[in-house]
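Remarks on the structure that follows.
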Amino acid sequence: MSRLEKINEIFLECSQRIEETKEYAKEMISYSARLASFSESDWPFPTDSNCRPEKLAEAGFFFHPSKKGESIAFDFINLKEIEWEEHDDPWEEAIKRRKGHYLLSRRWSPAENNWDVLRMKDENITVAQFMKICAAQAEGLIEWEAEEVWECLCKGQTTWEELFKAGEMANATYSIAEDEDTFHKWESEMTKAYHELKTNGKNLAKINNKRFKKNSVDFKTIESAERANWEAAMNEPFMETYIAIVGKDEELDEEGEQYVAKSPVYSASCSSHLRSWWSAFHVEDNQPLTNSAGIICIFLKKISQFYFSHSKFSSLTATYSYNKLTCIKQIFVFLLS
């Protein structure tokens, strides 16, 4: 294996790990999902210990399958890895790390009732709470990815230097100059990717700080007569709203043998105050809605393709998968940019 092949192997392993970990982390928004992640973890501590799965999930930590059999759990916002002891109190540990935390330190975070949102049942989380949590996690994942890219770059540079010192090039049959030039191009691209991620993270932080207020979302750009409808929508349960608008992704067929797509059911008439918004994005305005929460969700769904294709957001959304739930999550994050 040549030096470049070894460097490429490092890059591919890093890239795959980053994508898999991010996708897994994005499923850890709710308490129930974080708790479920411990179900096959072989968690080493007793069920009555301070550091048990229920308390870890309540404090915002989840288990990753790659660490099976170990007492390691991750912060679902920034993917910080912590090794736990039986006597540790997860919430106390979370508070110790509050400074600079993308969720716990923000003035606009849903911190009501001592962060009750981290312990809520899925069906009780509101659209606004879900929106803010996703926004905080988006910042955290960008920062985490930047750190991982930098670590990959450093590992590649170290491997290159070690192989060079080992005299591997002396026996090479290919062009040394060409090999080195290719490596430096890779090095340059990795450095560029790192700095772009850092810049994107800073920009997203500014956007979120402008977008959110302490207890709600900033609706200054919306006409005052319509603002109440949007604010009401934000306080509706997210999962109920999501299912009402897009339906469950799949359900068992009549024989219970395979999954089939389920179509959403709408029962109310379209709200006229969104028609001008829809027409601005070349969207049909005859789609019926279910309730005030439906107003915002169908709007988000309709303009999702516009936002994903818009150059302003392309660099920030490129790493996210395009399934329906993730799409709605990310549109919540970028809605009022």
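In this note's numbering, the protein residues as written are 1 to 337. Heads up, the beta-carbon is just placed ideally off N, CA and C, and yes, glycines get one too. Computed from a prediction, not measured in an experiment: that's the story for all the values here.
Please list the segments of the alpha helix (DSSP H) lying wholly inside the region 7-56, counting only runs of 4 or more residues, in order along the chain. Counting whole runs of 4 or more residues, the region 7-56 contains the alpha helix (DSSP H) stretches 31-36.
Quick one, which of Glu13, Asp181 and Glu27 has its alpha-carbon nearest valine 149's? Taking the first residue of the sequence shown as 1, we reach residue 149 at position 149. Nearest C-alpha to valine 149: Glu13.
Go ahead and label threonine 126 buried or exposed: buried means 16 or more other beta carbons lie within 10 angstroms of its beta carbon, across all protein chains shown. Translated into positions along the sequence shown, residue 126 becomes position 126. The residue in question, threonine 126, is buried, as its Cβ has 16 or more Cβ neighbours within 10 Å.
Neighbourhood of glutamate 145 by C-beta, 8 Å cutoff - its chain only, sequence neighbours within 5 removed: To locate residue 145, count along the sequence shown from 1; it is residue 145. So the list reads Ile18, Lys22, Leu197 and Thr319, once near-sequence residues are dropped.
Assign cysteine 134 to buried or exposed, taking buried as 16 or more other Cβ atoms, counted over all protein chains shown, within 10 Å of its Cβ. The residue you call residue 134 lines up with position 134 of the sequence shown. Residue burial annotation: cysteine 134 is buried, with at least 16 other C-beta atoms found within 10 angstroms of its C-beta.
Limits of the unbroken beta strand (DSSP E) element including isoleucine 72: The sequence position of residue 72 within the sequence shown is 72, counting from 1. It spans 72-75 - the beta strand (DSSP E) in which isoleucine 72 sits, taken as one unbroken run.
Should threonine 199 be listed as close to the ligand ZN, given that the test is whether its C-beta is under 8 Å from any heavy atom? As presented, the structure is devoid of all ligands, the ligand ZN included, so that no description of it is given.
Closest Cα partner of tyrosine 31 within the set Trp115, Leu204 and Lys80: Position 31 of the sequence shown, counted from the start, is the residue given in the question as residue 31. The option with the nearest alpha carbon to tyrosine 31 is Trp115.
For leucine 338 versus glutamate 187, is the C-beta spacing smaller than 9 Å? Not covered by the structure: residue 338. The range shown for the chain is 1 to 337.
Can the beta-carbon of leucine 118 be found closer than 9 Å to that of alanine 25? On the sequence shown, position 118 is the one that residue 118 refers to. On the sequence shown, position 25 is the one that residue 25 refers to. In this structure, alanine 25 does not lie closer than 9 Å to leucine 118 by Cβ.
Quick one: any contact between the region 45-58 and the region 75-91, if contact means 3 or more CB pairs under 8 Å? Short answer: they touch.
Cutoff 6 Å; reference leucine 104; Cβ partners in own chain excluding five residues on either side: Within the sequence shown, the letter at position 104 stands for residue 104. Hits under 6 Å: Arg98.
Who are the Cβ neighbours of alanine 27 in its own chain at under 7 Å, not counting the five residues just before and after it? Numbered from 1 along the sequence shown, position 27 holds the residue referred to as residue 27. Here residue 27 is glutamate; the residue named in the question, alanine, does not match the sequence. These residues qualify, in order along the chain: Ala33.
Mapping the DSSP letters down to three states, classify glutamate 161 as helix, strand or coil. For this step, residue 161 is matched to residue 161 along the sequence shown. The DSSP-derived three-state label of glutamate 161 is helix.
With DSSP run on the structure shown, which of helix, strand or coil describes proline 65? In the sequence shown, the residue the question calls residue 65 occupies position 65. Look at proline 65 here: in three-state DSSP terms it is helix.
Give the secondary structure of glutamate 85 by DSSP, where H, G and I count as helix, E and B as strand, and everything else as coil. The residue given as residue 85 occupies position 85 in the sequence shown. Residue state, collapsed to three classes: coil.
Suppose contacts are defined by Cβ-Cβ distances below 9 Å. Is phenylalanine 183 in contact with isoleucine 10 by that definition? Residue mapping note: residue 183 aligns to position 183 of the sequence shown, counting from 1. Residue mapping note: residue 10 aligns to position 10 of the sequence shown, counting from 1. No, they are not a contact pair.
Please state the DSSP three-state secondary structure of proline 90. Within the sequence shown, residue 90 is the residue found at index 90, counting from 1. Note: proline 90 maps to helix in three-state DSSP.
Sequence-distant residues of its chain with Cβ nearer than 6 Å to glutamine 129 (five each side left out): Within the sequence shown, numbered from 1, the residue matching residue 129 stands at position 129. Take glutamine 129, set aside five residues on each side of it, and the residues of its chain with a beta-carbon closer than 6 Å to its own are Pro110 and Val117, in chain order.
Find the nearest neighbour of arginine 211 within the set Trp108, Gly156 and His195, judged by alpha-carbon distance. The count along the sequence shown starts at 1 and reaches residue 211 at position 211. Of the listed residues, the one whose Cα sits closest to arginine 211 is Trp108.
Using the Cα positions of phenylalanine 63 and proline 44, report the straight-line distance between them to the nearest angstrom. Within the sequence shown, residue 63 is the residue found at index 63, counting from 1. Within the sequence shown, residue 44 is the residue found at index 44, counting from 1. A straight-line Cα-Cα distance of about 12 Å links phenylalanine 63 and proline 44.
Using the Cβ count rule (16 or more neighbours within 10 Å means buried), how would you classify serine 66? The residue given as residue 66 occupies position 66 in the sequence shown. Its Cβ having fewer than 16 others within 10 Å, serine 66 is exposed.
Quick check on glutamate 123: buried or exposed, where buried means 16 or more other Cβ atoms within 10 Å of its Cβ? By 1-based counting over the sequence shown, the position of residue 123 is 123. Its Cβ having fewer than 16 others within 10 Å, glutamate 123 is exposed.
When burial is assigned at 16 or more other CB atoms within 10 Å of the CB, is proline 46 buried or exposed? Taking the sequence shown and counting its residues from 1, the one referred to as residue 46 is at position 46. Answer is exposed; the Cβ neighbour count stays below 16.
To the nearest angstrom, how far is it from the Cα of serine 15 to the Cα of lysine 80? Translated into the one-based positions of the sequence shown, residue 15 becomes position 15. Translated into the one-based positions of the sequence shown, residue 80 becomes position 80. The alpha-carbon atoms of serine 15 and lysine 80 are separated by roughly 18 Å.
Taking the C-alpha atoms as reference points, what is the distance between phenylalanine 61 and aspartate 179? Working through the sequence shown from its first residue, we reach residue 61 at position 61. Working through the sequence shown from its first residue, we reach residue 179 at position 179. Going by the C-alpha atoms only, they are around 44 Å apart.
Alpha carbon to alpha carbon, how far is alanine 138 from lysine 121? Numbered from 1 along the sequence shown, position 138 holds the residue referred to as residue 138. Numbered from 1 along the sequence shown, position 121 holds the residue referred to as residue 121. Cα to Cα, the separation comes out at about 22 Å.
Residue span of the alpha helix (DSSP H) that contains asparagine 235, given as start and end: Mapped onto the sequence shown, residue 235 falls at position 235. Asparagine 235 -> no alpha helix (DSSP H), and no H or E assigned at all.
Whose C-beta lies closer than 8 Å to the C-beta of proline 395 among residues of the same chain, with five residues either side of it excluded? Since the first and last residues shown for the chain are 1 and 337, residue 395 lies out of range.
For threonine 126, write down the residues that DSSP places opposite it in a beta bridge. The sequence position of residue 126 within the sequence shown is 126, counting from 1. Beta bridge pairing from DSSP links threonine 126 with Pro237.
Counting only the same chain and skipping the five closest in sequence on each side, list residues whose C-beta sits under 7 Å from that of threonine 191. Residue mapping note: residue 191 aligns to position 191 of the sequence shown, counting from 1. Result list for threonine 191: Leu153, in chain order.
Glutamate 147 versus Lys132, Tyr194 and Glu161, residue with shortest Cα-Cα distance: Indexing the sequence shown from 1 puts residue 147 at position 147. Comparing Cα positions, the closest option is Tyr194.
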